[in-house]
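In this note's numbering, the protein residues as written are 123 to 483.
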């Protein structure tokens with residue numbers, strides 16, 4: 123028979139989130155399970171949920187666990203927000219070092235492909251550079267390395283002293299696996315190779331002195347994000363979504379991944395939120411309304427803002443001129459504001475991690 127702790131995790135995977143057919147474990151709501159002399163302690167990330175949903179989840183967890191053989195008592199605890207700065211100060215000396223000369227590392231993730239994650243990463247990096255911050259952009263999406271085209275660069279400069287020198291575009295230092303293979307060549311890489319790629323991009327690239335390194339992750343909760351956390355301290359993660367529910371489902375998984383990695387989630391950016399008709403000036407929302415804000419509220423993380431859908435975003439990405447450098451663009455203005463928020467969040471440690479505290483659920 124499997125150990126009691128393993129049985130508990132399996133049972134919790136059968137407890138569904140209210141109104142969904144997905145379980146509370148896959149939603150990232152189960153933060154921790156402890157078993158000691160028949161006393162089971164379950165830490166639930168439910169603080170941000172409505173009271174009725176919080177209470178329903180608590181009841182269903184109790185109903186599922188109390189009958190298990192070997193369980194004498196079940197204690198439910200809810201995770202509480204705390205100031206992240208003291209925890210970061212304790213964790214940094216023990217975590218993997220950042221690349222030499224790099225002050226802060228921020229990951230841009232989505233969970234789902236097609237939401238414009240690379241567009242957001244590129245524009246945030248360029249906006250940060252335009253605001254006076256020494257910025258790098260690391261394209262860690264081995265399977266869809268679009269950053270070179272979006273930034274308008276095709277190759278790396280010659281190596282210097284055995285170190286890889288990043289390309290430079292729009293004031294940003296750029297490295298991508300897209301520089302290492304022809305555009306038509308698929309990179310059929312498994313975990314050990316992608317791990318090596320991440321390590322080399324962090325350790326073998328002469329990034330110079332950077333205030334901020336933005337890392338564009340692939341749309342997954344797999345090898346590459348894990349490798350990034352293995353080889354460097356990540357100061358925070360940005361989650362990119364579009365308003366529709368299918369994007370939110372996968373984004374919740376990404377948030378759960380970063381929490382398990384003990385990486386602060388800085389907030390949610392909703393991309394392709396709306397477009398304004400050139401003819402009538404009316405705002406239209408083809409993918410729905412408010413999905414990013416709902417996700418942020420459900421996960422208990424900040425909602426950073428919306429980026430509108432504009433032809434200029436696609437056109438600029440195709441020709442290597444991120445929309446943030448174009449005058450008169452609503453999307454460009456949005457990225458400028460989001461880059462400022464990102465930097466403030468990183469510097470003041472505004473992203474909230476969660477610590478267990480005894481509460482009633």
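Ideal placement from N, C-alpha and C gives every residue a C-beta, glycine not left out.
>> Only counting the same chain, and skipping five residues up and downstream in sequence, which positions put a Cβ closer than 7 Å to that of residue 127?
In response: 155 and 157
>> Give me, in chain order, the residues of the same chain whose beta-carbon lies closer than 6 Å to that of residue 444; leave out the 5 immediate sequence neighbours on both sides.
In response: 244, 245, 248 and 438
> Which value, in whole angstroms, describes the spacing of the CA atoms of residue 295 and residue 335?
Replying inline: 9 Å
>> Less than 9 Å between the beta carbons of residue 221 and residue 227, yes or no?
In response: yes
>> Only counting the same chain, and skipping five residues up and downstream in sequence, which positions put a Cβ closer than 6 Å to that of residue 378?
In response: 150
>> Quick check for students: name the residue ranges of the alpha helix (DSSP H) that lie wholly in the segment 336 to 404, counting only runs of 4 or more.
In response: 345 to 353 and 367 to 382
> How many Å lie between residue 205 and residue 357 at the Cα?
Replying inline: Any reading at residue 205 must be qualified, since the residue scores a pLDDT of 36, below 50, and its modelled position is unreliable; the value itself is stated next. Cα-Cα distance, rounded: 14 Å.
> Distance, Cα to Cα, residue 353 vs residue 382?
Replying inline: 16 Å
> Roughly how many whole angstroms lie between the Cα atoms of residue 299 and residue 342?
Replying inline: 17 Å
> Going along the chain, which unbroken runs of the beta strand (DSSP E) with 3 or more residues stay wholly within the segment 144 to 192?
Replying inline: 152 to 158 and 161 to 166
>> For a quick check, are the C-beta atoms of residue 423 and residue 237 less than 9 Å apart?
In response: no
>> To the nearest angstrom, how far is the alpha carbon of residue 310 from that of residue 185?
In response: 46 Å
> Relative to the alpha-carbon of residue 429, which residue among 397, 200 and 253 has its alpha-carbon at the smallest distance?
Replying inline: 397
> Going along the chain, which residues of its own chain have a beta-carbon closer than 8 Å to the beta-carbon of residue 472, five neighbours each way excluded?
Replying inline: Confidence in residue 472 is poor, its pLDDT being 36 and thus under 50, which makes the residue's placement too unreliable to answer from.
>> With DSSP as the reference, identify every bridge partner of residue 425, one or two as the case may be.
In response: 390
> Can you tell me whether residue 214 is buried or exposed, with buried defined as 16 or more other CB within 10 angstroms of its CB?
Replying inline: Residue confidence for residue 214 is low, a pLDDT of 42 falling below 50, so the modelled location carries little weight; the figure read from the coordinates is stated next. With fewer than 16 other Cβ atoms within 10 Å, it is exposed.
> Using the C-alpha atoms, what's the distance from residue 284 back to residue 421?
Replying inline: 44 Å
> What separation, rounded to the nearest whole angstrom, lies between the Cα atoms of residue 209 and residue 469?
Replying inline: Any reading at residue 209 must be qualified, since the residue scores a pLDDT of 35, below 50, and its modelled position is unreliable; the value itself is stated next. One C-alpha to the other measures close to 14 Å.
> According to DSSP, is residue 302 helix, strand or coil?
Replying inline: coil
> With burial defined as no fewer than 16 other Cβ atoms inside 10 Å of the residue's Cβ, what is the status of residue 180: buried or exposed?
Replying inline: buried
> Do residue 233 and residue 373 have their CB atoms nearer than 9 Å?
Replying inline: yes
> Which residues bound the alpha helix (DSSP H) around residue 316?
Replying inline: 313 to 325
> Just to confirm, are residue 348 and residue 242 a CB contact at a threshold of 9 Å?
Replying inline: no
> DSSP three-state call for residue 197: helix, strand or coil?
Replying inline: strand
>> In the DSSP output, which residue or residues are listed as bridge partners for residue 224?
In response: 332
>> When you compare the CB positions of residue 164 and residue 134, do they come within less than 9 Å of one another, or not?
In response: yes
>> Bridge partners for residue 290 per DSSP, in chain order?
In response: 295
>> Taking the beta carbon of residue 324 as the centre, do at least 16 other beta carbons fall within 10 Å, making it buried, or is it exposed?
In response: buried
> Measuring CB to CB, does residue 297 end up less than 9 Å from residue 260?
Replying inline: yes
> Exposed or buried, what is residue 406 when buried is set at 16 or more other beta-carbons lying within 10 Å of its beta-carbon?
Replying inline: exposed
> Going by C-alpha distance, which of 403, 344 and 355 is nearest residue 375?
Replying inline: 344
> Does the beta-carbon distance from residue 490 to residue 254 come in below 9 Å?
Replying inline: Beyond the ends of the chain as shown, which are 123 and 483, falls residue 490; an answer cannot be given.
> Span of the beta strand (DSSP E) holding residue 257?
Replying inline: 257 to 261
> Taking the alpha-carbon positions, what's the residue 479 to residue 200 distance?
Replying inline: Residue confidence is low: residue 479 scores 41 on pLDDT, short of 50, so the model does not pin down where it sits. Its coordinate-derived value is still stated next. Using only the alpha carbons, I get a separation of about 6 Å.
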